[in-house]
Each structure stands twice: as structure tokens, then as C-alpha cells.
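In the UniProt record's numbering, the protein residues as written are 1 to 172.
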């Protein structure tokens, strides 16, 4: 591979590191062409960009980045694919589907500005909540007391209205 091509690839990887806030390093060793294509289709459906890269080029892209990715360097051995995503837990949930087979295997991940190294971190990564999920929970918690007050006032109004109506309809 020519140096110009390598430099172009490093720049492209660097742009993806800036574009996507989360990424997973995955080992695809053992997947045949059909299984790899099926995985790529699933990634596409879940809005995950999967790229197979050379470890040396990925390391150079990490070095050129503003973020310190040094703890990930030990994971750059063997075959490496990078799964770029906007939502931190989506690739982990996808990889959990394959967990019984062990292929693809999680090497490391950069999610929510934290580094996770090792396949044992998959459950922890899958349990991460996305920004939208956290916002939805907060909104639900904030709405809950207001809903209780409104429903109490409505049920109380109906009760008082019913009592007054019954008293008003009574013959004297």
C-alpha cells in the first residue's frame, strides 16, 4: 500500500473518530464471508458504521486525535473491525446476540467518554443508557407527581360534584 493511500485512510479514520462519539473494537476472526455480510447488514439497520482496518493505521489515527486512546493500544492485535455509532449501547446489544458463538468478540470500546477493555465488559456496555433514554426517564419522573395531583383533583371534583348533585335532587 502506498504512503498516500495510508495517509488518506488515517485521515478518514480520524474524521470518523470526530463524527461518532462512540466506537467498539471487535475481533472478526472466524467469521466467513456470509456471516460478515450478515453482520454488516445488521449494523446498517442499527445505524452502526463498521469498518475493518489495519491496526497500525488505526493506532496512527488514535495518535493524531485529541483524545488519549493509549489504553486501547493493547487491543490492537489480530483482525480488527471498528463499529462507529451515535448511541453507546447499540453495538453492545448487537454483539450480545452473537455472545454464545463468541464471534465477533469485543476487544475494547470507547463509550460515554470512557474506555472499556475486554470481552467481559459487554454486559456493562449493553446496560448503558442512551442520552434519549435518560431524558425520557427524567421527564417521566418529573411528570409523575404532577399527574398524581391532577388525578386527585379530578377525582375529588367528581366526588364533590356528585354529592352536590345528589343533595340538589333530593326532595325537601
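Where is the CB? At the ideal position from N, CA and C, for every residue including glycine.
List the residues that DSSP assigns as beta-bridge partners of residue i.
i           : result
residue 81  : 26 and 52
residue 114 : 111
Report the three-state DSSP secondary structure of residue i (helix, strand or coil).
i           : result
residue 105 : strand
residue 21  : coil
residue 11  : helix
residue 2   : coil
residue 175 : Outside the shown range of the chain (1 to 172) lies residue 175, about which nothing can therefore be said.
residue 130 : coil
residue 66  : coil
residue 170 : coil
residue 76  : coil
To the nearest angstrom, how far is it from the Cα of residue i to the Cα of residue j?
i           : j           : result
residue 60  : residue 10  : 7 Å
residue 69  : residue 12  : 17 Å
residue 78  : residue 72  : 14 Å
residue 144 : residue 135 : 14 Å
residue 86  : residue 1   : 31 Å
residue 127 : residue 22  : 15 Å
residue 44  : residue 3   : 30 Å
residue 41  : residue 138 : 34 Å
residue 118 : residue 19  : 24 Å
residue 38  : residue 84  : 17 Å
residue 62  : residue 116 : 16 Å
residue 15  : residue 7   : 12 Å
residue 98  : residue 125 : 15 Å
From what residue to what residue does the alpha helix (DSSP H) around residue i run?
i           : result
residue 126 : 122-127
residue 37  : 33-45
residue 70  : Run containing residue 70: none; DSSP gives neither H nor E here.
residue 92  : 90-97
List the whole-angstrom C-beta distance separating residue i from residue j, where the pair is believed to meet the contact cut-off of C-beta under 8 Å.
i           : j           : result
residue 106 : residue 122 : 5 Å
residue 82  : residue 51  : 5 Å
residue 112 : residue 88  : 5 Å
residue 104 : residue 26  : 5 Å
residue 29  : residue 55  : Rounded, the Cβ-Cβ distance is 13 Å, inconsistent with contact.
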